[in-house]
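Participant: Note that numbering that gives the first Met the number 0 has the sequence shown beginning at 0, numbered continuously upward.
Pasting a structure here, questions to come.
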Amino acid sequence: MGVKFPKGFLWGGATAANQFEGAYNEDGKGLSIQDIMPKGIRGPITDEPTEDNMKLIGIDFYHRYKEDIKLFAEMGFKVFRLSIAWSRIFPNGDDKEPNEKGLQFYDNVFDELHKYGIEPLVTISHYETPLALAKNYDGWTNRKLIGFFENYVRAIFTRYKDKVKYWLTFNEINSALHAPYMSAGIWTPKEKLSKQDLYQAMHHELVASALTVKIGHEINPEFKIGCMILGVPNYPLTSKPSDVLKAMQQDRENLFFADVHARGKYPKYMNRLFKENNVKINMEPGDAEILQNTVDFISFSYYMSSCATSDPEKNKSGAGNIISGVSNPYLKASEWGWQIDPEGLRYILNLLYDRYQKPLFIVENGLGAVDKLITDEKGNKTVNDDYRINYLNDHLVQVGEAIEDGVELMGYTTWGCIDLVSASTAELKKRYGFIYVDRNDDGSGTLERYKKKSFDWYKEVIATNGESLKK
Numbered sequence: 000m001g002v003k004f005p006k007g008f009l010w011g012g013a014t015a016a017n018q019f020e021g022a023y024n025e026d027g028k029g030l031s032i033q034d035i036m037p038k039g040i041r042g043p044i045t046d047e048p049t050e051d052n053m054k055l056i057g058i059d060f061y062h063r064y065k066e067d068i069k070l071f072a073e074m075g076f077k078v079f080r081l082s083i084a085w086s087r088i089f090p091n092g093d094d095k096e097p098n099e100k101g102l103q104f105y106d107n108v109f110d111e112l113h114k115y116g117i118e119p120l121v122t123i124s125h126y127e128t129p130l131a132l133a134k135n136y137d138g139w140t141n142r143k144l145i146g147f148f149e150n151y152v153r154a155i156f157t158r159y160k161d162k163v164k165y166w167l168t169f170n171e172i173n174s175a176l177h178a179p180y181m182s183a184g185i186w187t188p189k190e191k192l193s194k195q196d197l198y199q200a201m202h203h204e205l206v207a208s209a210l211t212v213k214i215g216h217e218i219n220p221e222f223k224i225g226c227m228i229l230g231v232p233n234y235p236l237t238s239k240p241s242d243v244l245k246a247m248q249q250d251r252e253n254l255f256f257a258d259v260h261a262r263g264k265y266p267k268y269m270n271r272l273f274k275e276n277n278v279k280i281n282m283e284p285g286d287a288e289i290l291q292n293t294v295d296f297i298s299f300s301y302y303m304s305s306c307a308t309s310d311p312e313k314n315k316s317g318a319g320n321i322i323s324g325v326s327n328p329y330l331k332a333s334e335w336g337w338q339i340d341p342e343g344l345r346y347i348l349n350l351l352y353d354r355y356q357k358p359l360f361i362v363e364n365g366l367g368a369v370d371k372l373i374t375d376e377k378g379n380k381t382v383n384d385d386y387r388i389n390y391l392n393d394h395l396v397q398v399g400e401a402i403e404d405g406v407e408l409m410g411y412t413t414w415g416c417i418d419l420v421s422a423s424t425a426e427l428k429k430r431y432g433f434i435y436v437d438r439n440d441d442g443s444g445t446l447e448r449y450k451k452k453s454f455d456w457y458k459e460v461i462a463t464n465g466e467s468l469k470k
């Protein structure tokens, strides 16, 4: 017996412009912060784009989007999550007029998706702030970015009001506390930023996000606009009460962002955190009213859970996706040290739905692994990625359990449905896709696309609406 998913469930895959489009300087596109991050989140920031930055070419979706969308359609995608590169539309971020060639590119992509009946799910800002806004304004620390973002949002909402229904404002907005340059385009080095600086920048983003909801519903009341958070549930390492309280505090640090998006105001528990860290949010007249424009749904990424402890001897951080905590002794880990916890996905779905009673959308989940391209008995090049099939199957079974629990879930998009450049390490060897792209970390490769074993597996999952999953 398989797993039951609701009728009309949105199955698909997810990507980000800076990790797969390429064409970083074509057709009037300006530089983004990603174009000078050749080694990803933990590497150096360079003065200008360098040849070793895999993201400059990505997997060349910019020139191959028709071929790729055809493959997504063959899998049966109902939805495809992609982001718009802000610097493709406003090359410097503060330009008066949008770049027509950039607008036209996304028109073409959306038209191609609709040709196959695939709904676009568009992230408006996915770790790709225009570089000029980072250098000239220090990113989201500067309140002026709210106005620049509003111009960008109005341009794309007006242009695509009849082509895109589902929107996300900021990708993993809660990550800015941990990766301020990548997440919020903040040029000042992280070690020089105070909690005051960070939370004020977050306030600007939260106001911009709520303003986006307001503008979107005015331009097209049918728009469904969601927030997007990095979902990492925290378990207490032990049943010691201080560990339980520590897990609660770490959850609140993440969920604060969803609380504001879903409830339209700052939660009271932040008063204590702000007081103890000398944070005074400069809330300008009208901000409180703007924040009341709450999102239609909550979306999130889920790769792993973590543990929390009050014991400084045990409080050693494990590997993870931007946010990481103490390793869980009961879980295995991926090749990159990310702990694998399918039941944690059921847990966070229930946690979020209990908290907000708003529809949820899983917009990232997947396994990054080193894949080996082989030739099968029919002479086709493929990857036997049973490890990926097992990972996704186990997570989706738990998603089905959460739906049985009563969670209202709109859809599920696996991360990197086609191989792309990793955000954390800027590698291509860390692959997530159902489609193998022949490109290597040394820049070699033909960029040819090959279907992995998981391609047909996911096609079957979608065709049966989850009934083919193995409990």
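All residues carry an ideal CB built from backbone N, CA and C; glycine is no exception.
Within a Cβ cutoff of 8 Å, which residues of the same chain sit near I297, ignoring the five residues on either side of it in sequence?
Facilitator: Reading the sequence shown from its first residue, position 298 is the one you call residue 297. For I297, where only same-chain residues beyond five positions count, the Cβ hits under 8 Å are G225, C226, I228, A257, H260, A261, L351, Y355, K357, P358, L359 and F360.
Participant: Beta carbon of M36, beta carbon of K458: below 8 Å?
Facilitator: Taking the sequence shown and counting its residues from 1, the one referred to as residue 36 is at position 37. Taking the sequence shown and counting its residues from 1, the one referred to as residue 458 is at position 459. No, they are not a contact pair.
Participant: If you draw a straight line from the C-alpha of A332 to the C-alpha of E288, how long is it?
Facilitator: Locating residue 332 in the sequence shown gives position 333, where the first residue counts as 1. Locating residue 288 in the sequence shown gives position 289, where the first residue counts as 1. So the alpha carbons of these two residues sit roughly 44 Å apart.
Participant: So if DSSP puts Y449 in a beta bridge, which residue, or which two residues, is it bridged to?
Facilitator: As a working mapping, residue 449 is identified with position 450 in the sequence shown. Beta-bridge pairing links Y449 to Y435.
Participant: Spell out the partners DSSP gives M227 in its beta bridges.
Facilitator: Sequence index remark: in the sequence shown, residue 227 carries index 228 (1-based). DSSP, once it has assigned bridges, lists S298 as partnering M227.
Participant: Note down the Cα distance separating W139 from I172, rounded to an integer number of angstroms.
Facilitator: In the sequence shown, residue 139 corresponds to position 140, counting from 1. In the sequence shown, residue 172 corresponds to position 173, counting from 1. The alpha-carbon atoms of W139 and I172 are separated by roughly 12 Å.
Participant: In angstroms, rounded to a whole number, what distance separates the CA positions of L132 and K213?
Facilitator: Your numbering for residue 132 matches position 133 in the sequence shown. Your numbering for residue 213 matches position 214 in the sequence shown. The straight-line gap from Cα to Cα measures roughly 24 Å.
Participant: Cα-Cα, which of L254, G146, D26 and T157 is closest to P266?
Facilitator: Taking the sequence shown and counting its residues from 1, the one referred to as residue 266 is at position 267. Comparing Cα-Cα distances from P266 to each of L254, G146, D26 and T157, the minimum goes to L254.
Participant: What did DSSP end up calling D303 once you bin it into helix, strand or coil?
Facilitator: Start at 1 with the first residue of the sequence shown, and residue 303 comes out as number 304. Note that residue 303 is Met in the sequence shown here, rather than Asp. It is coil, neither helix nor strand.
Participant: So who's on the other strand from S82, going by DSSP bridges?
Facilitator: Translated into positions along the sequence shown, residue 82 becomes position 83. S82 pairs with T122.
Participant: CA-CA distance, K371 and N379?
Facilitator: Position 372 of the sequence shown holds residue 371. Position 380 of the sequence shown holds residue 379. K371 and N379: Cα-Cα distance of roughly 13 Å.
Participant: Tell me the residue span of the alpha helix (DSSP H) that contains I289.
Facilitator: For the purposes of this step, residue 289 is taken as the residue at position 290 of the sequence shown. First-last of the alpha helix (DSSP H) with I289: D286 to L290.
Participant: Are the beta-carbon atoms of A15 and S82 separated by less than 8 Å?
Facilitator: Position 16 of the sequence shown, counted from the first residue, corresponds to residue 15. Position 83 of the sequence shown, counted from the first residue, corresponds to residue 82. The answer is yes: Cβ separation under 8 Å.
Participant: May I have the straight-line CA-CA distance separating D375 from M269, to the nearest angstrom?
Facilitator: Here residue 375 refers to the residue found at position 376 when the sequence shown is read from its first residue. Here residue 269 refers to the residue found at position 270 when the sequence shown is read from its first residue. The alpha-carbon atoms of D375 and M269 are separated by roughly 56 Å.
Participant: Between the C-alpha atoms of L408 and A209, what's the straight-line distance to the nearest angstrom?
Facilitator: For the purposes of this step, residue 408 is identified with residue 409 of the sequence shown, where counting begins at 1. For the purposes of this step, residue 209 is identified with residue 210 of the sequence shown, where counting begins at 1. Between L408 and A209, the C-alpha separation is close to 22 Å.
Participant: Checking 8 Å against the spacing of the C-beta atoms, do F109 and P97 come in under that value?
Facilitator: Taking the sequence shown and counting its residues from 1, one reaches residue 109 at position 110. Taking the sequence shown and counting its residues from 1, one reaches residue 97 at position 98. Taking 8 Å as the Cβ cut-off, F109 and P97 do not qualify as a contacting pair.
Participant: K77 and W10: beta carbons closer than 8 Å?
Facilitator: Within the sequence shown, numbered from 1, the residue matching residue 77 stands at position 78. Within the sequence shown, numbered from 1, the residue matching residue 10 stands at position 11. Yes, they are a contact pair.
Participant: Within 10 angstroms of its Cβ, does V369 collect 16 or more other Cβ (buried), or is it exposed?
Facilitator: The residue you call residue 369 lines up with position 370 of the sequence shown. Burial call: exposed.
Participant: So, are the CB atoms of D440 and M181 less than 8 Å apart?
Facilitator: Walking along the sequence shown from the start, residue 440 turns up at place 441. Walking along the sequence shown from the start, residue 181 turns up at place 182. No, Cβ-Cβ distance for D440 and M181 is not below 8 Å.
Participant: For G432, tell me which candidate among M247, F19, P5 and G7 has the shortest Cα-Cα distance.
Facilitator: Numbered from its first residue, the sequence shown carries residue 432 at position 433. Among M247, F19, P5 and G7, the Cα nearest to that of G432 is on F19.
Participant: Let me confirm a value: M282 is counted as buried when at least 16 other C-beta atoms fall within 10 Å, else exposed. Which label applies?
Facilitator: Start at 1 with the first residue of the sequence shown, and residue 282 comes out as number 283. Exposed, by the Cβ-count rule.
Participant: Looking at the secondary structure, which residues open and close the alpha helix (DSSP H) in which A269 lies?
Facilitator: Here residue 269 refers to the residue found at position 270 when the sequence shown is read from its first residue. Note on residue identity: the sequence assigns Met, not Ala, to residue 269. Run containing M269: Y268 to E275, per the alpha helix (DSSP H) assignment.
Participant: From which residue to which residue does the beta strand (DSSP E) around A13 run?
Facilitator: Numbered from its first residue, the sequence shown carries residue 13 at position 14. Run containing A13: L9 to A13, per the beta strand (DSSP E) assignment.
Participant: Hey, quick one: how far does the beta strand (DSSP E) through F360 stretch, first residue to last?
Facilitator: Position 361 of the sequence shown holds residue 360. Taken as a continuous stretch (DSSP letters only), the beta strand (DSSP E) holding F360 covers L359 to E363.
Participant: Our contact map puts H113 next to K162 with C-beta atoms below 8 Å; I'd like the distance itself, whole angstroms only.
Facilitator: Here residue 113 refers to the residue found at position 114 of the sequence shown. Here residue 162 refers to the residue found at position 163 of the sequence shown. Yes, H113 and K162 are in contact; Cβ-Cβ is about 7 Å, under 8 Å.
Participant: If E25 and Y61 are in contact, beta carbons under 8 Å, what's the gap, nearest whole angstrom?
Facilitator: Translated into positions along the sequence shown, residue 25 becomes position 26. Translated into positions along the sequence shown, residue 61 becomes position 62. Indeed, because the Cβ distance is near 7 Å, the residues count as touching under 8 Å.
Participant: Distance, Cα to Cα, D51 vs T424?
Facilitator: Here residue 51 refers to the residue found at position 52 of the sequence shown. Here residue 424 refers to the residue found at position 425 of the sequence shown. Approximately 12 Å, taken between the alpha carbons.
Participant: What does DSSP give as the partner residues of I373 in its beta bridges?
Facilitator: Within the sequence shown, residue 373 is the residue found at index 374, counting from 1. According to DSSP, I373 bridges with T381.
Participant: If the criterion is Cβ atoms closer than 8 Å, does the pair S300 and G230 meet it?
Facilitator: Taking the first residue of the sequence shown as position 1, residue 300 is located at position 301. Taking the first residue of the sequence shown as position 1, residue 230 is located at position 231. Yes. Within cutoff.
Participant: Should P129 and N91 be called a contact, given that it needs their Cβ atoms to be closer than 8 Å?
Facilitator: Position 130 of the sequence shown holds residue 129. Position 92 of the sequence shown holds residue 91. The answer is yes: Cβ separation under 8 Å.
Participant: Keeping to the same chain, check which residues put their C-beta closer than 6 Å to that of D250; ignore five residues upstream and five downstream.
Facilitator: Along the sequence shown, read from residue 1 onward, the residue named residue 250 stands at position 251. Once the five neighbours on either side are set aside, the close Cβ partners of D250 are N233.
Participant: Please state whether DSSP places G263 in a helix, a strand or coil.
Facilitator: As a first step, residue 263 must be located in the sequence shown, where it is residue number 264. Correct three-state label for G263: coil.
Participant: CB V396 to CB K470, shorter than 8 Å?
Facilitator: One-based indexing of the sequence shown puts residue 396 at position 397. One-based indexing of the sequence shown puts residue 470 at position 471. A contact, by the Cβ cut-off of 8 Å.
Participant: My understanding is that L366 touches Y390, with C-beta atoms under 8 Å, so please give their C-beta distance in whole angstroms.
Facilitator: By one-based count along the sequence shown, residue 366 stands at place 367. By one-based count along the sequence shown, residue 390 stands at place 391. Contact flag correct, Cβ pair sits at about 4 Å.
Participant: What did DSSP end up calling S208 once you bin it into helix, strand or coil?
Facilitator: Your numbering for residue 208 matches position 209 in the sequence shown. In the structure shown, S208 sits in a helix (DSSP, three-state: H, G or I).
Participant: Note down, in chain order, each residue of its chain lying with its Cβ closer than 6 Å to the Cβ of D106, except the 5 sequence neighbours on either side.
Facilitator: As a first step, residue 106 is located in the sequence shown; it is residue number 107 there, counting from the start. Excluding sequence neighbours, D106 sits near nothing in its chain.
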